[in-house]
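Participant:
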Amino acid sequence: MNQTISPAARIVVVDDHGIVRFGYSQLINQEPDMEVCGLASNEQEGIMFLSRESPDLVIVDLTLKEGSGMDLVQSAIKICPAIKILVISAHDESLFAHRVLAAGAHGYINKEEAPEKLIEGIHALLGGDFFFSKSVTKNLIRRRLGDPKPATMQGLESLTNRELQVFEQIGNGRSTREIADALFLSVKTIERHKENIKSKLNVDNATQLVQHATRWVLKRGY
């Protein structure tokens, strides 16, 4: 009796670093039930591969030099409604997990995780599950149940995704120039984001902003 072999899951990788794309593709292609069908370096290339290949899953870096990973997540759902979306980022999971989930993603992995976590996350998503760390899963459940947010979260919900990225960078001790370089933005744009953050968080000056951001990052926002 002939046994039907299921086709390999087709995966698109979107990351602005060539060595990262190569590394992910090597890991994925070693799996017998997976294959990479597209490697994109920015949002537009990602959209092109999604439209052309109709993959089963897309891996998206949250911070791209050209375009927005968050916007790509939302576009992916429109282009391929059944697609599974795994977000990979250097940003703290507790900062963005609930936002990428709300945007339509099914999982979030920090780039500092071991390579095995990537494959584990892909298998989870392809199997119909979500994939987050235990701590983030607990906090996501708390949000769903309507538990009050801790004081360290007060006001942060009003920040845009980009402002939240800037806030995280401030808390990690980076200068305005370093933040601009990390997020591929101009110094002037970062300064404008800082002013918006101060206004939304009711912070009087730059020193207080640094103190607030540092304290929050140390507590991981929870």
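Mapping to full-length UniProt numbering: the sequence shown position 30 is 30, numbers consecutive. Note that beta-carbon positions come from the ideal geometry of N, C-alpha and C, so glycine has one too.
(1) Going by CA-CA distance only, name the one from L39, L64, E66 and G67 that's closest to V58.
(2) Taking the CB atoms as reference points, tell me whether V73 and A105 lie closer together than 7 Å.
(3) Expressed to the nearest angstrom, what Euclidean distance is found between the alpha-carbon atoms of A97 and K78?
(4) Is DSSP giving T152 helix, strand or coil here?
(5) Do the segment 33 to 51 and the segment 85 to 94 meet, that is, are 3 or more Cβ pairs less than 8 Å apart?
(6) Go through its chain and collect everything with a Cβ distance to D129's Cβ below 6 Å, but skip five positions before and after it.
(7) When the Cα of F167 is compared with those of A8, T214, A9 and G23, which residue comes out closest?
(8) Enumerate, from N- to C-terminal direction, the unbroken beta strand (DSSP E) stretches of 3 or more residues contained entirely within the UniProt domain "Response regulatory" (10 to 126).
(9) From which residue to which residue does the alpha helix (DSSP H) around D129 run?
(10) Relative to the alpha-carbon of L218, which residue among E112, E116 and G173 has its alpha-carbon at the smallest distance?
(11) Pull up the distance between the alpha-carbon of A82 and that of V203, whole angstroms please.
(12) Residues in its own chain within less than 6 Å of E66 by CB, not counting five upstream and five downstream?
(13) What does the alpha-carbon distance come out to for the pair A76 and S158?
Facilitator: Straight from the coordinates:
(1) L39
(2) yes
(3) 20 Å
(4) The predicted model places T152 with a pLDDT of 46, which falls under 50 and marks its position as unreliable, so this point remains unresolved.
(5) no
(6) none
(7) T214
(8) 34 to 40, 57 to 61, 84 to 89 and 107 to 110
(9) Element bounds for D129: n/a, residue is neither H nor E.
(10) G173
(11) 43 Å
(12) N42
(13) 25 Å
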